[in-house]
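Here is the structure we will look at, set down as structure tokens.
2 protein chains.
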Amino acid sequence: MMTGTFSIGELARATGTKVETIRYYERIGLLPPPARTGGNYRAYAQLHLDRLSFIRRGRDLGFSLDDVRELLRLSDDRQRPCGEIDQIARGHLAEVERKLADLAMLRGELRQLIDQCQRGTIAECRIIEALAPRAEGKIFGSPTP
Amino acid sequence: MMTGTFSIGELARATGTKVETIRYYERIGLLPPPARTGGNYRAYAQLHLDRLSFIRRGRDLGFSLDDVRELLRLSDDRQRPCGEIDQIARGHLAEVERKLADLAMLRGELRQLIDQCQRGTIAECRIIEALAPRAEGKIFGSPTP
DNA sequence: CATGAACCCTGTAGCCGCTTCAGGGTCAAG
DNA sequence: CTTGACCCTGAAGCGGCTACAGGGTTCATG
Chain W
247 MMTGTFSIGE
257 LARATGTKVE
267 TIRYYERIGL
277 LPPPARTGGN
287 YRAYAQLHLD
297 RLSFIRRGRD
307 LGFSLDDVRE
317 LLRLSDDRQR
327 PCGEIDQIAR
337 GHLAEVERKL
347 ADLAMLRGEL
357 RQLIDQCQRG
367 TIAECRIIEA
377 LAPRAEGKIF
387 GSPTP
Chain U
247 MMTGTFSIGE
257 LARATGTKVE
267 TIRYYERIGL
277 LPPPARTGGN
287 YRAYAQLHLD
297 RLSFIRRGRD
307 LGFSLDDVRE
317 LLRLSDDRQR
327 PCGEIDQIAR
337 GHLAEVERKL
347 ADLAMLRGEL
357 RQLIDQCQRG
367 TIAECRIIEA
377 LAPRAEGKIF
387 GSPTP
């Protein structure tokens, strides 16, 4: 590998990203294509390490690849006011909070289900009972006389 | 539609599932193929309504389709002890709790980021700063003399 | 009887964010 | 000169749907 550049494997180790993921980011235009060596190996420069580190941090914070793409684009213009950045982050936070609420509900329901299970047969299992349809679910019940 | 049976649209409305999703469940073998009318329309019976309701409830509780498949299989043998059911539910609960913890961490980090944003330019933006790589990230720095 | 709207059919491709695989090529050490 | 670690491309697969395209059926209305 040329001096001042590094291979995809080295970039992978330096950023904690899988090699295939790096190639994937290049394919979708998130990471610019690097120079190539004589043997057609990718030769990355500092620019790529910076950019991939940025992407990884964004992903670790749960931003979508599209969000990351936008954050990268915005961060390139250092004079721009950072309201748009703020908006993306706030939007993401709102989504995270929604997911948290949903999961907390779920946890409650699951705990209840599991607490009620008496370890008998399935015929008496509360978990199955909770999942199985009740009679009201019927569309064609016996006619109420 | 024959008496005692109902169309895919009716089944969809009765269970709050999209028509395409019902066909998808049939394709992957989660819902048994129903009888067909002369015009090749699916004609569902009570069995299908019960089974699809079960699936929906399972999905609403966040079980994977594979979990649901297993729960359905187990629930068919009413004499079986319900330990396996319990295991699936506990496994899922553990996963939900893991996700909750992860999201709570994330929320904390995002809130910190957003709180620090002073609405200046991107050059001073704390959000970008948090994402952007620090000098330590460099693989090829100037040699320390 | 014709027409139109609402429903249904099949099959295929797309979404996200990777991961895996097949089938090779390159490079340094021993 | 061979071994093994690394690299390359292109295509397909994952979960859990969703969205077409391009038709057929059914039923009420005129």
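So the sequences go chain by chain: W and U.
Residue numbering for the first sequence follows my numbering, beginning at 247 and increasing consecutively.
Residue numbering for the second sequence follows my numbering, beginning at 247 and increasing consecutively.
We put the CB at the ideal spot given by N, CA and C, even for glycine.
None of these values were measured; they are calculated from a predicted model.
With a beta-carbon spacing of about 33 angstroms, L346 of chain U and L295 of chain U fall beyond the 8 angstroms limit used to define contacts. Under the criterion of beta carbons closer than 8 angstroms, R324 of chain W and A369 of chain U qualify as touching, at roughly 4 angstroms.
Rounded to the nearest whole angstrom, the CA to CA distance from E330 of chain U to G354 of chain U is 37 angstroms. Listed along chain W are T367, I368 and A369, each with a C-beta nearer than 9 angstroms to that of Q325 of chain U. Counting only runs of at least 4 residues, the stretch 260–346 of chain U fully encloses the following alpha helix (DSSP H) elements, listed from N- to C-terminal order: 265–273, 292–306 and 311–322.
For a cut-off of 8 angstroms, the C-beta gap from L317 of chain U to L298 of chain U is around 14 angstroms, too long to register as a contact.
In terms of Cα proximity to T261 of chain W, the closest of W:R305, W:A281, W:N286 and W:R273 is W:R305. Sequence-distant Cβ neighbours of A376 of chain W in its own chain, meaning closer than 7 angstroms and more than five residues away, are L359. Close to chain W, meaning a Cβ-Cβ distance shorter than 8 angstroms, are the following residues of the stretch 295–306 of chain U: L295, D296, S299, F300, R303 and G304. Assignment of beta-bridge partners to T367 of chain W by DSSP yields U:P327. With a threshold of 8 angstroms between beta carbons, I374 of chain U makes contact with chain W. Interface residue (Cβ-Cβ distance to chain W less than 8 angstroms): I360 of chain U is classified as such. With its beta carbon less than 8 angstroms from one in chain W, G329 of chain U belongs to the interface. Your pair D313 of chain W and I334 of chain W checks out as a contact, with CB atoms roughly 6 angstroms apart and the cut at 8 angstroms. About 6 angstroms separates the beta carbons of P280 of chain U and A289 of chain U, which is inside the 8 angstroms limit, making them a contact pair. One finds L352 in chain W with Cβ atoms closer than 7 angstroms to the Cβ of G308 of chain U, taken in chain order.
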